[in-house]
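Below is one structure, written out as structure tokens; the observations come after it.
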Amino acid sequence: MSLGLQDRRDVEFLVRDVLGTEQLFKLPMYAEHSWETFDLVLDSAYKFAHEQVLPTMVVSDREGVKLENGQVVTPPIFKKLYKAWREGGWIAVTETEELGGTGLPRAMTIHPVAALVGANIAFFTMPGLCHGAGEMIEAAGNAAQKALYVPKLFGGEWGGTMCLTEPSAGSDVGAARTTATKQPDGTWHIKGEKIFITWGDQDLTKNIVYPVLARVEGDPNGTGGLTLFLVNKYMVDAKGNLGERNGVHCTGIEHKLGIHGSPTCTIAFGEDAPAVGEMIGEQRGGMKVMFKMMNTARIAVGLQALSLAEAAYRYAHQYAIDRVQGSAVENFKDANAPRIAIIKHPDVRRMLLDMRSTVEGLRALLGFCAYQHDLSKAETGEAAVNADELAQLLTPLCKGYASEVGFDAVSTSITVLGGHGFLRDHPLEQYLRDTVIARLYEGTTGIQAMDLVGRKLGRRGGLSMMDLLGRMDKTINQAREVGLADLADRVSAMRAKLGETAMGLGGAAMSGDLHGPLLSATPFMFLMGDAVLSWLHLWMATTAITSATQGDFEKNKVRTARHYITQAEGRVRARASAIKAGDRSALEMAFEGE
Ligand SMILES: Cc1cc2nc3c(=O)[nH]c(=O)nc-3n(C[C@H](O)[C@H](O)[C@H](O)COP(=O)(O)OP(=O)(O)OC[C@H]3O[C@@H](n4cnc5c(N)ncnc54)[C@H](O)[C@@H]3O)c2cc1C
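Here the sequence shown is numbered in our numbering, starting from 384 and rising by one per residue.
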């Protein structure tokens, strides 16, 4: 028996029964679509992930990437896979049909994408960046830029990148030193060094597009002075014909913990020859464009953590069925008692349900957020604004919280296998190494937490937070009506702690305490994540218990919710209590040598 990469039944239950995304088909933007398209996309994603992507996962990790004569060489197995990925139309699967996508809402397409990510995350970052760069140009480019770049990036003919980070500009993007100088012909010369550029060079596409953040001479320091430019590996004419090599080169690649198949490059712009680029968007408007893209990019990183956590859970689940070790606890004195599969041991069952409840909770969080994103596009007026704001409030959880608890789930999967989990004979050590990056890029966990506490909680006078708390109340009431009062009480207690703690942090900030709320930002993000996942589990359990059929699936949804909510309540209370205590020891410490 193979459990595969994703629980299709759970995906369908979430999308159809819980979130009720069918509502979107009633809005003009999605009126052309139906469940049939969704089913087809899921079918082909699973087939493609299993038959073509999965066989490359371990090979590409072992081979890694090389830099030979200034050219990055990727694992040879990627050539065939990239061709198939392009031909399958997977790069722009989340886009409209005019842009080469399925036109389906993201609340649906994130699931087939997650299955592909789980099959080889290192490779996925390549088409992911083609899509990201294309999406950015579609959002911020002029008509000529859109016409030239978007089809080439969404079709995968050219590769995409994102060039923000520099040696002295990591989390502090505004410290970038790369410069842009205007030329008499209207083009720009970009000069500087970007580091950690994912797929900054590769041998899969003829050309590579570099969206680069740089500062025009005289523009102010900080993020407000940054402008976005497009630089190509080769000079490109208006029709997209490639000419001479541009002055942009890969000068090094990183040797790193995970995602070995994904090259992480140092890129020199204008070192020996000018790096010619064109401006995209407005001068000093670079961060505005980046901010627009950030929600999608951060949700995509959360999806990476979910995908690997689910793949790891499913592997551990299968292993626990197959591995025979020890006897049933009631026979522990009998050396001749039959040996049993480890899935029968209470502690192994606990670990499996810890992982599973995290995975199903994260799926619901990312699905709910994607649904709000769809509503923000398909609705109009206040409904669109409210949906967008709610998605923005939850985005730090989708990235920061999901990448941390997703990693923990992968780590637990190794314990399920015992010493065998530590070996390369199983994919879990690779999943563990590959998941770490989700906590770091697109802004570290700490940066996500600061975004949540410093920017998102107080937006619109806390209206989105009130919206979220109101939705929690609605589910709590519904759960009480269907006989889940015990769980409703626990979620209600967490909802109260969430509201109180958010108010407390807001109050501290208003009274001029800048350090206290930042010291508590990450613990608060965990508190909020646990409370939100508990709400989503309660919502899923309420839906399951009122379903027309009451089989193992529905009963397991209630059990999963009960397990998660019971564990989470204690964590939420403990975090709320620690935050309220206001301990400032970390601020007061005299660290040696600081
Ligand atoms: C494999 C890989 C791929 C990447 N791909 C890309 C890419 O394609 N394009 C790109 O532009 N970048 C990329 N990055 C860069 C990535 O986004 C940065 O590494 C990340 O944003 C953190 O920056 P840093 O490494 O300089 O860490 P630092 O900014 O030095 O942070 C170090 C620590 O300090 C904390 N910290 C920093 N500032 C603050 C603050 N003000 N308050 C509280 N805590 C703070 C951080 O949370 C972190 O824990 C990639 C990185 C890696 C490792």
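Idealized CB from N, CA, C, for every residue including glycine.
Check, Outcome
"Going by the C-beta, is ILE580 closer than 6 Å to any heavy atom of ligand 1?", "yes"
"With a threshold of 6 Å, establish whether the CB of MET545 neighbours any heavy atom of ligand 1.", "yes"
"Please say whether ILE663 and ALA563 have beta carbons closer to each other than 7 Å?", "no"
"Which residues mark the beginning and the end of the alpha helix (DSSP H) in which GLU971 is found?", "968-971"
"Give me the Cα-Cα distance between ASN503 and GLY887, rounded to the nearest whole angstrom.", "42 Å"
"I'd like the span of the alpha helix (DSSP H) that includes HIS494, first residue to last.", "489-502"
"Quick one: using the 10 Å Cβ neighbour count with 16 as the cut-off for buried, is SER917 buried or exposed?", "buried"
"Check whether the stretch 575-584 touches the stretch 528-537, counting contact only when three or more Cβ pairs, one atom from each stretch, lie closer than 8 Å.", "no"
"Assign LEU806 to buried or exposed, taking buried as 16 or more other Cβ atoms, counted over all protein chains shown, within 10 Å of its Cβ.", "exposed"
"Compute the distance between the beta-carbons of GLY829 and THR905, then report whether it is under 7 Å.", "yes"
"Within its chain, find whatever has a CB closer than 7 Å to the CB of ALA695; leave out the 5 residues flanking it on each side and keep chain order.", "ALA792, VAL793, SER796, LEU811, TYR814"
"With DSSP as the reference, label GLY542 as helix, strand or coil.", "strand"
"Which of the three DSSP states, helix, strand or coil, is assigned to ALA944?", "helix"
"If you measure between the beta carbons of VAL599 and THR588, is that distance less than 7 Å?", "no"
"Provide the residue span of the alpha helix (DSSP H) that contains LYS462, from first to last.", "460-470"
"Roughly how many angstroms separate the alpha carbons of ASP817 and HIS946, rounded to a whole number?", "28 Å"
"Comparing C-alpha positions only, which one of SER759, ARG739, LEU777 sits nearest to ASN769?", "SER759"
"Answer with buried or exposed for LEU970, where buried requires no fewer than 16 other C-beta atoms within 10 angstroms of its C-beta.", "exposed"
"Would DSSP call ALA718 helix, strand or coil?", "coil"
"Which of the three DSSP states, helix, strand or coil, is assigned to GLU451?", "strand"
"If you draw a straight line from the C-alpha of GLY934 to the C-alpha of ASP808, how long is it?", "36 Å"
"Within this structure, are the beta carbons of GLY685 and CYS546 separated by less than 7 Å?", "no"
"Between THR679 and ligand 1, is the CB less than 6 Å from at least one heavy atom?", "no"
"Spell out a yes or no on whether the stretch 430-447 and the stretch 637-647 are touching, meaning 3 or more CB-CB pairs, one atom from each, closer than 8 Å.", "yes"
"Which full runs of the alpha helix (DSSP H) of 4+ residues lie inside the stretch 706-790, going along the chain?", "729-761, 764-779"
"Distance, Cα to Cα, MET384 vs ARG697?", "Because the pLDDT of MET384 is 40, which lies under 50, any placement of that residue in the model is unreliable, and the number read from its coordinates should be weighed accordingly. Distance between the alpha carbons of MET384 and ARG697: 11 Å."
"Report back the beta-carbon spacing between LEU851 and ALA924 to the nearest angstrom; my notes put them in contact at under 8 Å.", "At roughly 19 Å, the Cβ-Cβ gap does not stay under 8 Å, so LEU851 and ALA924 are not in contact."
"Note down, one range per segment and in chain order, each alpha helix (DSSP H) of at least 4 residues found wholly within the stretch 820-847.", "828-834"
"Report the partner residues of MET373 according to the DSSP bridge assignment.", "This structure does not reach residue 373, given that the chain is present from 384 up to 977, and the question cannot be answered."
"Quick check on DSSP: helix, strand or coil for ASN590?", "strand"
"From GLU481 to PHE537, what distance separates their C-alpha atoms?", "11 Å"
"Which residue's Cα is closest to the Cα of MET911: MET855, ILE859, HIS632?", "MET855"
"Helix, strand or coil: which one does DSSP assign to GLU576?", "strand"
"Using the Cα positions of VAL394 and ALA621, report the straight-line distance between them to the nearest angstrom.", "44 Å"
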